[in-house]
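In my numbering, the protein residues as written are 386 to 529.
Every residue gets a Cβ at the ideal spot worked out from N, C-alpha and C, and that includes glycine.
The structure presented is a predicted model; accordingly, all values stated were derived computationally and were not measured.
What follows is one structure encoded as structure tokens, with my remarks underneath.
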């Protein structure tokens, strides 16, 4: 399943996010919460996260410093968890801090994962993203 769309949500007092209903079945087998490369929290299925990290490490010698650093980054900055009976997931403090999350958040589809953004951070980022996409497509000779 591809994760698509943008949804406004709020974190509850226990820092739990209610996952959009349309994605709960896909995430019912487990969830990996991970520090995003941007200022967000990524929400993966365990299989998709394993594929993502393996692809990032592909071609690197397993004993190289770069491979060791990437493995540490992926492992230390992620957490295996599950949705509760109400379709919620608790976001731990280290991920809240990384993404600057407070009560008002946006859940965005990112293809193979969902992302949780602070609502105002997402608005600023999404505006810049629109400009970046125009520049990227122009540099490829594919103007929209």
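Environment of residue i [buried if 16+ CB atoms lie within 10 Å]
i, result
"residue 501", "buried"
"residue 444", "exposed"
"residue 399", "exposed"
"residue 420", "buried"
"residue 499", "buried"
"residue 387", "exposed"
Residue i - containing beta strand (DSSP E), residue span
i, result
"residue 393", "391-395"
"residue 402", "401-403"
"residue 466", "463-466"
Selection from the options that minimises the alpha carbon distance to residue i
i, options, result
"residue 407", "389, 417 and 497", "389"
Any non-hydrogen atom of the ligand ADP closer than 8 Å to residue i Cβ
i, result
"residue 444", "Looking at this structure, you won't find the ligand ADP or any other ligand, since it has none at all."
Supposed contact pair residue j and residue i - C-beta distance, whole angstroms, cut 8 Å
i, j, result
"residue 537", "residue 401", "Any property of residue 537 remains undetermined from this structure, which presents the chain solely from 386 to 529."
"residue 413", "residue 434", "That belief does not hold up - the Cβ atoms of residue 413 and residue 434 are roughly 16 Å apart, past 8 Å."
"residue 395", "residue 489", "6 Å"
"residue 481", "residue 418", "10 Å between Cβ atoms; not a contact."
"residue 472", "residue 404", "5 Å"
First and last residue of the uninterrupted alpha helix (DSSP H) at residue i
i, result
"residue 518", "504-524"
"residue 412", "406-412"
Paired residues, beta bridge with residue i - DSSP
i, result
"residue 489", "395"
"residue 476", "Note: residue 476 sits in no beta bridge, so no partner."
"residue 422", "Residue 422 pairs with nothing; no bridge assigned."
"residue 500", "427 and 493"
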